[in-house]
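Asks: One structure is given below, represented as structure tokens, and several questions about it will come after.
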Amino acid sequence: MKLNDKEKLILSAIIGGWGIILIGSGFAMNNSIKPIIKTNYELKTYKKQIAQSQAKSNEIKLKDITIEINNPISVDVKDYLDSLDNISEDTLKKLRLDTSLVNINQAGTYQYSVTYKKKKYIANVIVKEKQLPNVTFTLKTLSFKAGDSLSTNPRSYINEQITDEVLNNITLDLSEVNNQTQGDYNYYITYNGTKYQGKIEIRYPGATIITRPATDQPKQDEPAQDNNQQQTTQPIA
1 MKLNDKEKLI LSAIIGGWGI ILIGSGFAMN NSIKPIIKTN YELKTYKKQI AQSQAKSNEI
61 KLKDITIEIN NPISVDVKDY LDSLDNISED TLKKLRLDTS LVNINQAGTY QYSVTYKKKK
121 YIANVIVKEK QLPNVTFTLK TLSFKAGDSL STNPRSYINE QITDEVLNNI TLDLSEVNNQ
181 TQGDYNYYIT YNGTKYQGKI EIRYPGATII TRPATDQPKQ DEPAQDNNQQ QTTQPIA
């Protein structure tokens, strides 16, 4: 069938319209359908050794120090740190030790400080009495004449031999002894918390009078003696 010009024009218009519709639909479909993209991620691990100086925590902890009286005190800050292994060398160089409040010549508890940057750490230094030798001894019973002076040297009252260290820590107490009046008196020596007691006898100088007992009878070849006659002995040392 042969189409006339009018029919050809109509057919062309229809074909063109469908072409436009199809092209538009293609664009619309392309916009609505998104492509699936696969992404591969690669994880790489590395072993990194941290320097020892960086691994330290640098946490400052002090410890209480105990020394005997009159002993010198350390000036090395390392001796005062309770966590020395955690302190880096760089930090150690910046620590400042202050022991100016510690009196090593007197027993007691004193504070010291360590300063790091602007922070101050405080702990104690305990100064204690020197540990004395553990010895025991016995005391003498001594006799003196009234008016005699009494020795103030503890060695004069102790039976055992003692060292100078023990001697220097002995306290002699003669406060109960009256060396002017006849009698028996107690004296005391104290050492390392233990108190010992001894005796001192004070006697008046001169003769001691002894009266013959009435039962004593004179021998046949001896003349009778007056009952009031007295005999003497040597003075008591």
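Position 228, counted from 1, in the sequence shown is what my numbering calls 228; the numbers after and before it change by one each time, with no gaps.
We put the CB at the ideal spot given by N, CA and C, even for glycine.
A quick note: this is a predicted structure, and the numbers were derived from the prediction, not measured.
So the candidates are Ile21, Pro72, Phe137; which of them puts its Cα closest to the Cα of Tyr191?
Replies: Phe137
Asks: According to DSSP, which residues form a beta bridge with Asn124?
Replies: Paired residues: Gln111.
Asks: Just checking my contact of Gln240 with Val127 at CB under 8 angstroms: how many whole Å lie between their CB atoms?
Replies: Any property of residue 240 remains undetermined from this structure, which presents the chain solely from 1 to 237.
Asks: What are the residues that DSSP puts in a beta bridge with Phe144?
Replies: Ile202
Asks: Is it the case that the segment 187-203 contacts the segment 130-150, given that we only count it when at least three CB pairs across the two stretches are under 8 angstroms?
Replies: Taking 8 angstroms as the limit for Cβ pairs, the verdict is that the segment 187-203 does touch the segment 130-150.
Asks: With DSSP run on the structure shown, which of helix, strand or coil describes Ile162?
Replies: Residue state, collapsed to three classes: coil.
Asks: Short of 8 angstroms in beta carbon distance, which residues of its chain neighbour Leu150, apart from the five on each side in sequence? Order them along the chain.
Replies: Phe144, Leu174, Val177, Asn179, Ile200
Asks: So does Lys117 have its beta carbon nearer than 7 angstroms to some heavy atom of the ligand MN?
Replies: The ligand MN is not part of this structure, which contains no ligands at all.
Asks: Please state whether DSSP places Leu11 in a helix, a strand or coil.
Replies: helix
Asks: Asp76 lies in the alpha helix (DSSP H); which residues open and close that run?
Replies: In the DSSP assignment, Asp76 falls outside any alpha helix (DSSP H), carrying neither H nor E.
Asks: Among Ala146, Ser156, Ile162, which residue has its Cα nearest to the Cα of Pro241?
Replies: Any question about residue 241 goes unanswered here, given that the chain covers just 1 to 237.
Asks: State the start and end residues of the unbroken alpha helix (DSSP H) segment that holds Glu89.
Replies: 89-92
Asks: By a C-beta neighbour count over all protein chains shown, 10 Å radius and 16 as the cutoff for buried, is Val135 buried or exposed?
Replies: exposed
Asks: My guess is that Ile67 and Ile104 are in contact by the Cβ rule of under 8 angstroms, so how many angstroms apart are they, rounded?
Replies: 7 angstroms
Asks: Which of the three DSSP states is assigned to Tyr157 in this structure?
Replies: coil
Asks: Closest by CA to Leu62, which one among Ile15, Val114, Asn70?
Replies: Comparing Cα positions, the closest option is Val114.
Asks: When the Cα of Thr109 is compared with those of Ile69, Asp76, Tyr116, which residue comes out closest?
Replies: Residue Ile69 is the option with its Cα nearest to Thr109.
Asks: Measuring straight from C-alpha to C-alpha, what distance separates Ile158 and Gln131?
Replies: Computed Cα separation, rounded: 21 angstroms.
Asks: Under a Cβ-count criterion, where at least 16 other Cβ atoms within 10 Å of its own Cβ denotes burial, should Ile87 be classed as buried or exposed?
Replies: buried
Asks: Out of curiosity, what's the CA-to-CA distance linking Asn71 and Tyr185?
Replies: The alpha-carbon atoms of Asn71 and Tyr185 are separated by roughly 41 angstroms.
Asks: Taking the beta strand (DSSP E) that Asn186 belongs to, which residues open and close that run?
Replies: 183-191
Asks: Report yes if the C-beta distance between Tyr116 and Lys94 is below 8 angstroms; otherwise report no.
Replies: yes
Asks: Whole angstroms is fine: what's the gap from Asp82's alpha carbon to Ala123's?
Replies: 11 angstroms
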